[in-house]
Amino acid sequence: MTKLIFLEGISGVGKSTMTKKLCDDLQAIGKTAKAYVEFDYTNPIDFYCVAYCNADEYETLCAEYPQCEKTIRANTVDAGNARLIHYFDEDTPLFEEPLLSAFMEREFCYNPRNPVSFEVYSQAYIFVWENFVNSLGDDMDFFIFDGSLLHHPINDMIRNYGATRDQAFIHIQKLLRILSETEYTIYYLRTADIAAQLRTSYYNRSLQPPNRFEITFWEKRYEYDCFVLNHINANYQVLDVKDQWDNAEKKILREMLS
Numbered sequence: 097m098t099k100l101i102f103l104e105g106i107s108g109v110g111k112s113t114m115t116k117k118l119c120d121d122l123q124a125i126g127k128t129a130k131a132y133v134e135f136d137y138t139n140p141i142d143f144y145c146v147a148y149c150n151a152d153e154y155e156t157l158c159a160e161y162p163q164c165e166k167t168i169r170a171n172t173v174d175a176g177n178a179r180l181i182h183y184f185d186e187d188t189p190l191f192e193e194p195l196l197s198a199f200m201e202r203e204f205c206y207n208p209r210n211p212v213s214f215e216v217y218s219q220a221y222i223f224v225w226e227n228f229v230n231s232l233g234d235d236m237d238f239f240i241f242d243g244s245l246l247h248h249p250i251n252d253m254i255r256n257y258g259a260t261r262d263q264a265f266i267h268i269q270k271l272l273r274i275l276s277e278t279e280y281t282i283y284y285l286r287t288a289d290i291a292a293q294l295r296t297s298y299y300n301r302s303l304q305p306p307n308r309f310e311i312t313f314w315e316k317r318y319e320y321d322c323f324v325l326n327h328i329n330a331n332y333q334v335l336d337v338k339d340q341w342d343n344a345e346k347k348i349l350r351e352m353l354s
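Take any residue in the sequence shown, count from 1 to its spot, add 96: that is its number in the working numbering.
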């Protein structure tokens, strides 16, 4: 059975680096593994620069841009009554103007200008996760996800909907129920000093030091993560990575192979 690995933690804790390293190590010993890091538009259960349309709006849009219809449909995820259209590959737009702006106006979760309702957002996510689980076969040993379970969805819920901890928990619990027939593990990468971790992360990314608002946001995010983890019925571990990053990576790799 394919194993699903979710690496979680606040921004800058090392999720993407860990995801890539685990994937490389697995492939080096002959395992089939696929890693999905932030901004990867091929991620089947997480979304970056994705436009939302309902089914009727989608068909109208395709009719308005017949020269782009084939490309639109090729980059569309069917999520029940929702149609989710990828319009960027990292920093590269997949469409030209004016269609690109039309998609940006319909952004689904990444700082949307006109957010859908929370119920529509949650329903679409659940539909996509159900499709992914139903599509799992035996051709891949491991899928490794960077922040796809807690990190990105909870960010969306807080920023776009002002979601409470209970709302976040209910949404994540629904996603976990979908995973109940799969073999999955959640590893939460933790650092003791969030402000210090953010300053290091921003420095490494050549960004200005985080301000008080940003530090407060990520402290709140950590509180939400802890609340959700303490209430879900799921297979997870919390790993301290401050000065122990290599040990954490080796531990995860060892357990993945056991």
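No residue lacks a Cβ here, since even glycine has one placed at the ideal position from N, Cα and C.
As the structure is a prediction and not an experimental result, all values here were calculated from the model.
**Asked** Who are Phe-102's beta bridge partners in DSSP?
**Response** Phe-241, Ile-282
**Burial state of Lys-111 (16 or more Cβ within 10 Å)** = buried
**Message:** Quick check: the Cα distance between His-182 and Ala-147, rounded to an integer number of angstroms?
**Reply:** 6 angstroms
**Request:** Buried or exposed for Met-114, please, with buried defined as at least 16 other CB atoms from any protein chain shown within 10 angstroms of its CB.
**Result:** buried
**Prompt:** Looking at Ile-290 and Cys-119, is the spacing between their C-beta atoms short of 9 angstroms?
**Reply:** no
**Asked** Where Ile-311 and Asp-242 are concerned, what is the direct C-alpha to C-alpha distance, given to the nearest angstrom?
**Response** 21 angstroms
**Asked** Who are Lys-130's beta bridge partners in DSSP?
**Response** Phe-239
**Request:** Determine, using beta carbons only, whether Ile-171 and Leu-190 come nearer to each other than 9 angstroms.
**Result:** Checking the sequence shown, residue 171 turns out to be Asn, not Ile. Yes. Within cutoff.
**Request:** Would you decide whether Gln-293 is buried or exposed? Buried here means 16 or more other CB atoms lie within 10 Å of its CB.
**Result:** buried
**In chain order, each alpha helix (DSSP H) run of at least 4 residues that lies wholly inside the stretch 289-340** = 290-300, 308-327
**Item:** Sheet register partners of His-182 (DSSP bridge)
**Value:** Val-146
**Asked** Ser-276 and Ile-141: beta carbons closer than 9 angstroms?
**Response** no
**Message:** With a threshold of 8 angstroms (Cβ to nearest heavy atom), would Leu-246 be considered close to the ligand COA?
**Reply:** Of ligands this structure carries none, so the ligand COA is not represented either.
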